[in-house]
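Chains A and B supply the protein sequences, listed in that same order. Sequential numbering from 13 applies to the first sequence in our numbering. Sequential numbering from 13 applies to the second sequence in our numbering. Glycine residues also receive a C-beta, built at the ideal position from the N, C-alpha and C atoms. Computed from a prediction, not measured in an experiment: that's the story for all the values here. Here's the structure we're looking at; comments come further down.
Protein chains: 2
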Amino acid sequence: MAATFTRKGSATRQRIVEGAAAEIRERGIAVFRLDDVLARTKTSKSQLFHYFPQGKEELLLAVARLEADKVLSDQQPMLSQLTSWPAFQAWRDRVVARYLAQGQECPLHIVFSQLDQRTPGARAVQTELMRKWQSELTAGIRHMQRAGEVAAELDVERAAAALLAGIQGGVLLMLMTGDITHLEAALDVAIDNLRASAPAA
Amino acid sequence: MAATFTRKGSATRQRIVEGAAAEIRERGIAVFRLDDVLARTKTSKSQLFHYFPQGKEELLLAVARLEADKVLSDQQPMLSQLTSWPAFQAWRDRVVARYLAQGQECPLHIVFSQLDQRTPGARAVQTELMRKWQSELTAGIRHMQRAGEVAAELDVERAAAALLAGIQGGVLLMLMTGDITHLEAALDVAIDNLRASAPAA
DNA sequence: CTAGAATTGGACTGGTAGGTCCAGACGAAG
DNA sequence: CTTCGTCTGGACCTACCAGTCCAATTCTAG
């Protein structure tokens with residue numbers, strides 16, 4: 013726990029996390045073995061347990077953190093610049109492209125499905141990701157509202173929550189059915205409705 | 013495979029499936045053991061493998077089918093009677109109540125997370141559930157459109173897809189954060205926007 | 001240089017749980 | 001009653017893999 017790692021140690025630790033993430037991305041969580049990670053990263057059991065005393069669970073949590081960060085950073089800079097309708101469209105396209113590229117394997121979703129949801133650590137990573145995501149959406153919608161492009165009486169927080177839900181569901185449906193149209197529909201319908209709420213065109 | 017089961021045999025098979033489903037609901041997939049199912053259902057290994065030659069995977073798939081059916085039947089009769097705004101509201105309330113009652117354990121989601129998504133069987137169950145669900149939503153929205161309560165130019169299929177995505181995401185967010193507000197927001201925003209699209213109040 | 005801590009290698013352990021097998025009980029049909 | 005197929009009990013097998021342990025080595029500080 014105590015961050016008493018040397019530079020070399022931290023590098024090894026990071027190598028293990030990234031190797032584990034790659035292993036999951038390439039081969040799936042079902043066949044995820046600690047030994048495979050060791051082979052791929054050229055490390056040994058003792059190293060893995062040295063840096064992750066809680067073993068597999070702790071490693072998966074670290075992978076989850078890595079993937080969670082990536083989810084948001086992959087949407088940047090668009091996500092933080094939702095200041096016009098074209099900007100919304102650019103962000104929408106980025107999201108669709110990201111998940112289209114990712115295909116049927118959402119590493120984050122996969123990792124969480126394997127983690128015990130009841131542990132505070134796993135819960136925290138998920139909650140934090142969603143909180144940040146929604147907060148960016150809220151900021152964007154609120155910006156448009158102040159610019160008069162969205163109805164003044166619109167409940168921004170609720171709209172952002174609904175949009176976030178739509179995105180999550182769209183991604184989930186893509187994972188289940190292999191079809192990205194639900195994600196596109198969720199994004200497009202949400203944006204359309206925001207625009208339609210504007211007082212005067 | 014071949015339905016060469018006697019009445020007694022089918023009963024045993026069903027007992028096993030229901031016992032497995034209960035086991036998952038009560039104790040979670042993480043600690044789901046074949047032996048526990050046997051103990052609970054008073055059956056033996058040979059019986060389980062007699063009725064599920066493919067073992068655990070096949071049993072989980074049967075549980076998934078059971079839970080998938082329940083998802084839709086729990087929404088009836090409201091889901092099939094989306095013929096007025098109050099009816100939409102009643103259905104909305106039913107969905108929220110259902111997932112509120114279910115709490116943090118969505119058996120279907122849990123089972124699927126454990127199943128190999130690449131197998132056609134697992135894929136089929138999920139796809140079929142979503143297809144049916146969306147088809148009911150489409151029917152409801154289309155009904156309102158014919159009644160003039162929804163804009164004639166609205167893309168019904170797309171609206172239904174977005175609504176379904178919102179629901180799925182709302183449920184997922186509830187599982188992650190323990191908070192049902194996203195599900196409520198997704199439902200309410202979707203319904204509000206449908207109503208708002210109406211030509212004249 | 002030296003001491004102590006951090007890092008590393010890899011053999012070994014141990015519990016688990018999915019799956020196999022066969023002998024025997026049961027039940028339907030003739 | 002006999003026969004054949006279905007159904008059942010439960011002992012046994014065994015592959016697997018997370019986690020342990022300790023000795024060896026390499027850093028870092030003074």
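The alpha helix (DSSP H) runs lying completely inside the stretch 29–99 of chain B and spanning 4 residues or more are 46–53, 57–63, 68–85, given in chain order. Judged by DSSP in its simplified three-state form, A159(A) adopts coil rather than helix or strand. In the DSSP annotation of this structure, the continuous segment of the alpha helix (DSSP H) that includes A202(B) starts and ends at 193–208. Taking 8 Å as the CB threshold, Q116(B) lines the interface with chain A. Remark: fewer than three beta-carbon pairs, one from each stretch, lie closer than 8 Å, so the stretch 43–59 of chain B and the stretch 76–85 of chain B are not flagged as touching.
Non-local C-beta neighbours of Y111(B) in its own chain, meaning closer than 7 Å and more than five positions away in sequence, comprise V183, M186, I192, L195, ordered along the chain. In the three-state reduction of the DSSP assignment, P119(A) falls in the helix class, which pools H, G and I. Among the residues of the stretch 136–167 of chain B, those with a Cβ less than 8 Å away from any Cβ of chain A are Q138, T139, M142, in the order of the chain. For V107(B), none of the residues of chain A pass the 9 Å Cβ criterion, the least Cβ distance being about 13 Å. Residue burial is scored here from C-beta neighbours: Q116(A) has fewer than 16 other C-beta atoms within 10 angstroms and is therefore classed as exposed. Here the alpha carbon of A151(B) sits roughly 8 Å from the alpha carbon of L94(B).
Bounds of the alpha helix (DSSP H) holding L187(A) are 168–189. Nearest Cα to R25(B) within the set R37(B), R106(B), Q180(B), K57(B): K57(B). By the beta-carbon neighbour count (other beta carbons within 10 angstroms, threshold 16), V43(B) is exposed. Distance between G133(B) and G133(A), taken at the CA atoms: about 33 Å. When the Cα atoms are used, A80(A) and K144(A) turn out to be separated by approximately 11 Å. Taking each of S147(A), V49(A), S125(A), P98(A) in turn and checking the Cα distance to G31(A), the smallest one comes out for V49(A). For T16(B), the three-state secondary structure derived from DSSP is coil. Secondary structure at D128(B): coil, using DSSP grouped into helix, strand and coil. When rounded, the separation of the alpha-carbon atoms in L46(B) and L72(A) is 25 Å. Contact check between the stretch 166–179 of chain A and the stretch 99–106 of chain A: fewer than three CB pairs, one atom from each, fall below 8 Å, which does not count as touching. Between V123(B) and I36(B), the CB-CB gap stays under 8 Å. Contact of R170(B) with chain A by beta-carbon distance below 9 Å involves T193, E196, A197, D200, V201.
Taking a C-beta cut-off of 7 Å against chain A, the contacting residues of the stretch 26–50 of chain B are A42, listed in chain order. Between L91(A) and E140(A), the C-beta gap is not smaller than 8 Å, which leaves the two residues out of contact.
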